[in-house]
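Enquirer:
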Amino acid sequence: MAGRTKDIDGEFCYPQADTWVICFANDQKLMPQAWVEVSQTQCLGTPWTVIEYYTNPEEWVDRLAEFEIYPLPSDMLEDEQ
Numbered sequence: 885m886a887g888r889t890k891d892i893d894g895e896f897c898y899p900q901a902d903t904w905v906i907c908f909a910n911d912q913k914l915m916p917q918a919w920v921e922v923s924q925t926q927c928l929g930t931p932w933t934v935i936e937y938y939t940n941p942e943e944w945v946d947r948l949a950e951f952e953i954y955p956l957p958s959d960m961l962e963d964e965q
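To convert, take the position in the sequence shown, counting from 1, and add 884; that gives this note's numbering.
1. Smallest Cα separation from Cys897: which of Leu914, Asp911 and Glu921?
2. Please state whether the Cβ-Cβ distance between Ile953 and Pro916 is less than 9 Å.
3. If distances are taken between C-alpha atoms only, which option among Asp902, Trp919, Gln912 and Ala909 comes closest to Ala949?
4. Rounding to the nearest angstrom, what Cα-Cα distance links Phe908 and Thr925 in this structure?
5. Using a Cβ-based criterion (distance less than 8 Å to any ligand heavy atom), does Thr925 qualify as near the ligand HEM?
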């Protein structure tokens with residue numbers, strides 16, 4: 885069943901630059917619930933209320949790596965190690 889979406893006060897609708905988002909279930913930020921890129925032509929709706937966002941994709945990837953989540957293809961990650 886799909887969760888309810890939350891309007892993020894327009895902050896994630898049609899951003900000025902491509903934005904990478906990580907959604908958490910609560911302020912403890914124990915585990916990301918979702919992670920996605922929001923382009924300049926998109927809006928993000930989410931049932932989660934705690935959101936981190938980045939305009940630098942490398943920072944987004946680094947933050948996800950803290951949770952052992954690697955959104956890039958494995959061959960790209962091997963080049964970085």
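We put the CB at the ideal spot given by N, CA and C, even for glycine.
Expert: On the basis of the supplied data:
1. Looking up residue 897 in the sequence shown gives position 13. Nearest C-alpha to Cys897: Glu921.
2. Translated into positions along the sequence shown, residue 953 becomes position 69. Translated into positions along the sequence shown, residue 916 becomes position 32. In this structure, Pro916 lies closer than 9 Å to Ile953 by Cβ.
3. Position 65 of the sequence shown, counted from the first residue, corresponds to residue 949. Out of Asp902, Trp919, Gln912 and Ala909, Trp919 has the C-alpha closest to the C-alpha of Ala949.
4. Counting from 1 along the sequence shown, the entry for residue 908 is found at position 24. Counting from 1 along the sequence shown, the entry for residue 925 is found at position 41. Cα to Cα, the separation comes out at about 23 Å.
5. The ligand content of the structure shown is nil, which means the ligand HEM is not present either.
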